[in-house]
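FYI, the numbering for the first sequence is 1 to 202, going by UniProt numbering.
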Amino acid sequence: MPMTPISSKCTKKEANRGAWTAEEDQKLAKVIEIHGPKRWKIIAAKAGLNRCGKSCRLRWMNYLRPNIKRGNISDQEEDLILRLHKLLGNRWSLIAGRLPGRTDNEIKNYWNSHLSKKVKQNEKQNGRSSEIQESMPKNSKLNEHNLDAISRKPEEGTSNGDLEAKPNLFGDALLDFCNEEPLDLGWMREFLEMDESWFNLL
DNA sequence: AAGTATACCAACCGCGAGCGC
DNA sequence: GGCGCTCGCGGTTGGTATACT
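Quick look at the structure:
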């Protein structure tokens, strides 16, 4: 009998769907412990879960990964999300990359259920656009290069000389601002005041 | 107490990029 | 260069909890 080609998509036939059980979580975590969090298709098969690799990856990334913070997004984190969203738009993974322990899915959900309303309300009040990138001055210091710099995750290139090789306008202090305890956004104001017209849009 | 509306969030879907063959 | 596979991302859906009437 010929082998059925393995589809990269999760089909309704092949995969269990819906909420994950504690037992499934346990099995998945066990397999990842052995094989590492890659080759999700293989992991899904090895775990003996009737789930597609994609689903396993999502579960791991959003719930089972170590050091995940859940719920209780602080005012500081919220402020940071708002500012980063103005800067980066709906690039949730990049925003999440600046918030240790938070996942893109959580931030996206938080934005859609809480912050988008707040932003709309604020815009109604002061008539500002949230599209900071559109309204940024063309000669703004915050150009694509700098966007790339802020996009870098904290664990990327922080000690490998990459940042030194390609110095960015923000510098490590900026890239690591979300690790500050307590979080102090004063530096951000200070930095952004370098281009006051741009900062005023925030 | 029951029915309905709304909020929240976990999970799914489709797409595109990157990679190896 | 073309193809298939894998992975990651952002948008969307659907189930559940809570609030409201």
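The beta carbon of each residue, even a glycine, is placed where N, CA and C say it ideally should be.
Buried or exposed by the 16-neighbour rule on C-beta atoms within 10 Å, applied to residue i
i           : result
R59         : buried
T21         : exposed
I34         : exposed
E77         : buried
residue 209 : Past the boundaries of the shown model lies residue 209; the chain is included only from 1 to 202, so the question cannot be answered.
K43         : With the sequence shown as reference, residue 43 is identified as Ile, and Lys is not the correct amino acid for it. Buried.
E24         : buried
R17         : exposed
H85         : buried
A19         : exposed
S116        : exposed
residue 277 : It is not possible to answer for residue 277, since the shown part of the chain is limited to 1 through 202.
R51         : buried
P182        : Confidence in P182 is poor, its pLDDT being 42 and thus under 50, which makes the residue's placement unreliable; the coordinate value appears in the next sentence. Counting Cβ neighbours within 10 Å, P182 comes out exposed, since fewer than 16 surround it.
G36         : exposed
First and last residue of the uninterrupted alpha helix (DSSP H) at residue i
i    : result
H85  : 75-88
K69  : Run containing K69: none; DSSP gives neither H nor E here.
G97  : 92-97
N105 : 104-110
Pick from the options that is closest to residue i, judged by C-alpha positions
i           : options              : result
R70         : L94, L87, Y110       : Y110
R102        : K117, K27, L64, K120 : L64
N72         : L28, H114, Q26, W92  : H114
S74         : Q121, L88, Q26, P100 : P100
L28         : L49, K108, A96       : L49
residue 236 : M61, R39, G53, I81   : Past the boundaries of the shown model lies residue 236; the chain is included only from 1 to 202, so the question cannot be answered.
Q26         : K38, A47, K41        : A47
TODO: Within the UniProt domain "Myb-like" (12-64), note down every full alpha helix (DSSP H) run reaching 4 residues or more, in order along the chain.
DONE: Within the UniProt domain "Myb-like" (12-64), the runs of alpha helix (DSSP H) at least 4 residues long that lie entirely inside it are, in chain order, 22-35, 40-46, 53-59.
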